[in-house]
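At position 171 of the sequence shown the residue is numbered 171 (this note's numbering), and the sequence of numbers has no breaks.
Report on one structure; see the data block that follows.
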Amino acid sequence: MVKLNKIYTRTGDKGTTALVSGPRRLKHDLRVEAYGTVDETNSSIGVARLYTKDMADVDAMLFRIQNDLFDLGADLATPETNEPPAWEPLRIVESQVTRLENEIDQLNDKLEPLTSFVLPGGSTAAAHLHLARTICRRAERLMVELSVSENETVSAAAIKYANRLSDFLFVAARYANDTGKADILWVPGQNR
1 MVKLNKIYTR TGDKGTTALV SGPRRLKHDL RVEAYGTVDE TNSSIGVARL
51 YTKDMADVDA MLFRIQNDLF DLGADLATPE TNEPPAWEPL RIVESQVTRL
101 ENEIDQLNDK LEPLTSFVLP GGSTAAAHLH LARTICRRAE RLMVELSVSE
151 NETVSAAAIK YANRLSDFLF VAARYANDTG KADILWVPGQ NR
């Protein structure tokens, strides 16, 4: 377990931060950007959950996802090295991806079929879930960029998780819009 007695340490005052494995990186380092954006996704889901309390199934799923996002942040903050660590690093695993897929299917089975792209909005819960989805997509793009960077690795399971999460958030937003009945659909060229 993590124990935090002191919130400020002054160790980041010169623009660096420590990875879980110890090395320091600049705060604008791509790895730090990636796990920072995962944290931003988690925070946006926390705001969305203020409006999902009446959807117990979705809210419970979002709660599990928030915990998973801390796992994902820990995974990204502990880069793989050639030297085995003194402890077992926390990594995203395939079962977390599979759980998301099952939850997507569970919610999607109750939705109206799509006839167009969906504009972000509708209910307050849906609007916040769409915002979380776009932040998650940014985290995924950063993770993919990091994965192809020299001397960097990101596990396939971590990238899959971010990809499935954005899909989940899209489906959950539709579910929050009266199971898709209140979705706002894109009308191509409507304002020409």
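Positions of the beta carbon are idealized from the N, C-alpha and C atoms, including for glycine.
Just so it is clear, the structure is predicted and the values come from calculations on it, not from any experiment.
{"query": "Express the C-alpha separation of P23 and E101 in angstroms, rounding to a whole number.", "result": "35 Å"}
{"query": "Taking the continuous beta strand (DSSP E) assigned at T16, which residues delimit it?", "result": "T16 to A18"}
{"query": "Are there 16 or more other CB atoms within 10 angstroms of the CB of T98, so buried, or fewer, so exposed?", "result": "exposed"}
{"query": "Can we say the segment 177 to 188 touches the segment 121 to 138, given the rule of at least three CB pairs closer than 8 Å?", "result": "yes"}
{"query": "Roughly how many angstroms lie between the CA atoms of R64 and N42, to the nearest whole one?", "result": "11 Å"}
{"query": "Going by DSSP, what residue range makes up the alpha helix (DSSP H) through V148?", "result": "No alpha helix (DSSP H) holds V148; DSSP gives it neither H nor E."}
{"query": "Please name the residue, chosen from D13, A18, L169 and K6, that lies closest to A127 on a Cα-to-Cα basis.", "result": "L169"}
{"query": "Measuring alpha carbon to alpha carbon, tell me which residue in G46, V187, T16 and L30 is nearest F117.", "result": "V187"}
{"query": "With a threshold of 7 Å on Cβ separation, who are the neighbours of P85 within its own chain once the five nearest residues in sequence on each side are excluded?", "result": "S21"}
{"query": "What does a CB cutoff of less than 6 Å around M61 pick up in its chain, not counting 5 residues either side in sequence?", "result": "E103"}
{"query": "For V118, which residues does DSSP report across the bridge?", "result": "L185"}
{"query": "Would you mind working out which of E83, L90 and V144 sits nearest A77, comparing C-alpha positions?", "result": "L90"}
{"query": "For the alpha helix (DSSP H) holding T98, just list the boundary residues, first then last.", "result": "E94 to N108"}
{"query": "Which residues mark the beginning and the end of the alpha helix (DSSP H) in which D54 is found?", "result": "Taken as a continuous stretch (DSSP letters only), D54 belongs to no alpha helix (DSSP H), as it is neither H nor E."}
{"query": "What are the boundary residues of the alpha helix (DSSP H) that V38 is part of?", "result": "L30 to A48"}
{"query": "For the candidate residues V38, E152 and G46, whose alpha-carbon lies nearest to that of A139?", "result": "V38"}
{"query": "Hey, A158 and E94 are a contact pair by Cβ (cut 8 Å); roughly how many whole angstroms apart?", "result": "The Cβ separation is near 11 Å, so there is no contact."}
{"query": "Can you tell which of K6, K14 and R31 has the C-alpha that lies nearest to the C-alpha of E152?", "result": "R31"}
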